[in-house]
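Sequences listed follow chains A and B, in order.
The numbering of the first sequence is this note's numbering, which starts it at 1 and goes up by one.
The numbering of the second sequence is this note's numbering, which starts it at 1001 and goes up by one.
Virtual Cβ for every residue (Gly too), placed ideally from N, Cα, C.
Values in this document were obtained by computation on a predicted structure and should not be read as measured data.
Only one structure is covered here, and it is reproduced in the block below.
There are 2 protein chains.
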Amino acid sequence: MPADLRMTPQRREVYEVLRVSHDHPTATDVFHRAKERMPGISLATVYNCLEALTEHGVVRQVNVERASSRYCANLDDHVHFHCEGCGQVVDAMPREDVTAAQLWKLPRGTKVTALDVSIHGLCPECAKANTKSSH
Amino acid sequence: MPADLRMTPQRREVYEVLRVSHDHPTATDVFHRAKERMPGISLATVYNCLEALTEHGVVRQVNVERASSRYCANLDDHVHFHCEGCGQVVDAMPREDVTAAQLWKLPRGTKVTALDVSIHGLCPECAKANTKSSH
DNA sequence: ATCTTTGCTTAGAATGATTCTTGATCTCAT
DNA sequence: ATGAGATCAAGAATCATTCTAAGCAAAGAT
Ligand SMILES: [Mn+2]
Ligand SMILES: [Mn+2]
Ligand SMILES: [Zn+2]
Ligand SMILES: [Zn+2]
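Put into structure tokens, the structure is as follows:
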């Protein structure tokens, strides 16, 4: 935890919800889960905590298309796979170092700070269900 | 143009705005530009046209983080570079075929339909301005 | 220990992009 | 020409997110 992030009970609880969740919950999802153990917490506080945690690099905000932001406590270098069938968002790890400048043509002198990748498609279960129903 | 997309004057105008724009305008940007030549057009219609054009694959919707959607008439396989300095969004072409399954570990049986990449950083101009001011 | 400053939490209001609703208008096949 | 089905326009509604203001709580100074 960064020293300059004050770990209030609410922030700890929001972080804990994310740490044990692997489904990339939205702010309202986090709100409902946090409420179970901390009934007084408000949605505004969840938004504030998520912002504080994100800004301090303790969690990641995950945006898939225009949908509500989701949050992820996995800090390893990874991207997100979004299943168009069941809607789940799962982590995908790079096979090796993936560098933007190697894969895409960028003007000489460009400084890359982040690479944001979402892969869209069908998870194995939805892919199977899809072929079955469409033959 | 797909045969099943009725090309009304409004849709043609919205498409024309995007065809000549290379800055990935938002819906309101498109609205203001379209209004110059078609003063009666409404923002709702611009949204409708953008949706129709997007659904028929004639233009692409470009989402960078949580900002308003931008639109792009370039149908070539490409990704978007977003400059954190000046905010511009520019196209970046792949150096060669970039396949998600080759670069990221995905469960066996996953079907990939689309790869959505945004590169974040500083364009050459902003990168230069940045080093100058920060030494 | 008390004052002081600053940051955090909360409820509710405000924002702003997008979508929806409704009635008018247009297109196209008959 | 007629009727069905699209499309358009204006405004209302939605909904995620942000802002506001007031009360609290922790940290620092005296
Ligand atoms: Mn993740
Ligand atoms: Mn583009
Ligand atoms: Zn699925
Ligand atoms: Zn720039």
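Quick one: Cα of residue i to Cα of residue j, how far?
i	j	result
V1117/B	D116/A	6 Å
N48/A	H24/A	18 Å
E1013/B	A1067/B	24 Å
K1132/B	T110/A	15 Å
Q61/A	Y71/A	5 Å
V58/A	L18/A	10 Å
A129/A	P1107/B	16 Å
V1089/B	V1020/B	15 Å
E1125/B	C1086/B	9 Å
E1096/B	L103/A	7 Å
T1007/B	I119/A	Before going further, note that residue 1007/B is Met rather than Thr in the sequence given. If you take the alpha carbons of M1007/B and I119/A, they lie about 32 Å apart.
A1092/B	T1099/B	16 Å
E1016/B	G1040/B	16 Å
T1036/B	A52/A	A small correction: the amino acid at residue 1036/B is Glu; Thr does not occupy that position in the sequence shown. If I take the Cα positions, the gap works out to 43 Å.
P2/A	T45/A	20 Å
A1034/B	C1123/B	29 Å
D76/A	T54/A	14 Å
Q10/A	H22/A	20 Å
A1073/B	P94/A	30 Å
D4/A	F31/A	24 Å
A1127/B	A101/A	15 Å
E84/A	G121/A	6 Å
H82/A	M38/A	31 Å
H56/A	K1105/B	28 Å
Under a CB-based cut-off of 8 Å, is residue i close to chain A?
i	result
V1098/B	yes
E1055/B	no
E1084/B	yes
E1036/B	no
E1016/B	no
K1105/B	yes
E1051/B	no
C1072/B	no
Could you tell me which residues DSSP pairs with residue i in its beta bridges?
i	result
V1030/B	Beta-bridge pairing links V1030/B to no other residue.
S118/A	H80/A and D1116/B
D1091/B	H1080/B
K1111/B	L122/A
Looking at residue i and ligand 5, is the gap between the Cβ and the nearest heavy atom below 7 Å?
i	result
H120/A	In terms of ligand content, the structure shown lacks ligand 5 and carries ligand 1, ligand 2, ligand 3 and ligand 4 instead.
Please list the terminal residues of the continuous beta strand (DSSP E) segment that includes residue i.
i	result
R6/A	Unbroken run through R6/A: none, as it is neither H nor E.
Q1061/B	R1060 to V1062
C1072/B	R1070 to C1072
Pop quiz: residue i and residue j are said to be a contact at Cβ under 8 Å. What is the actual Cβ separation, rounded to whole angstroms?
i	j	result
V1064/B	H1078/B	Rounded, the Cβ-Cβ distance is 14 Å, inconsistent with contact.
T28/A	L50/A	Incorrect: roughly 11 Å between the Cβ atoms, too far for contact.
R1113/B	S1069/B	Reading off the sequence, residue 1113/B comes out as Thr, not Arg. Between S1069/B and T1113/B the Cβ distance is about 20 Å, and since that is not below 8 Å, they are no contact.
Should residue i be flagged as near chain B, meaning a C-beta pair shorter than 8 Å?
i	result
N137/A	Residue 137/A cannot be examined here, being either before or after the span of chain A that is shown, 1 to 135.
G109/A	yes
D116/A	yes
H22/A	no
P94/A	yes
L122/A	yes
S69/A	yes
R60/A	no
With respect to the alpha helix (DSSP H) encompassing residue i, which residues constitute its N-terminal and C-terminal limits?
i	result
E55/A	L43 to E55
L103/A	A100 to L103
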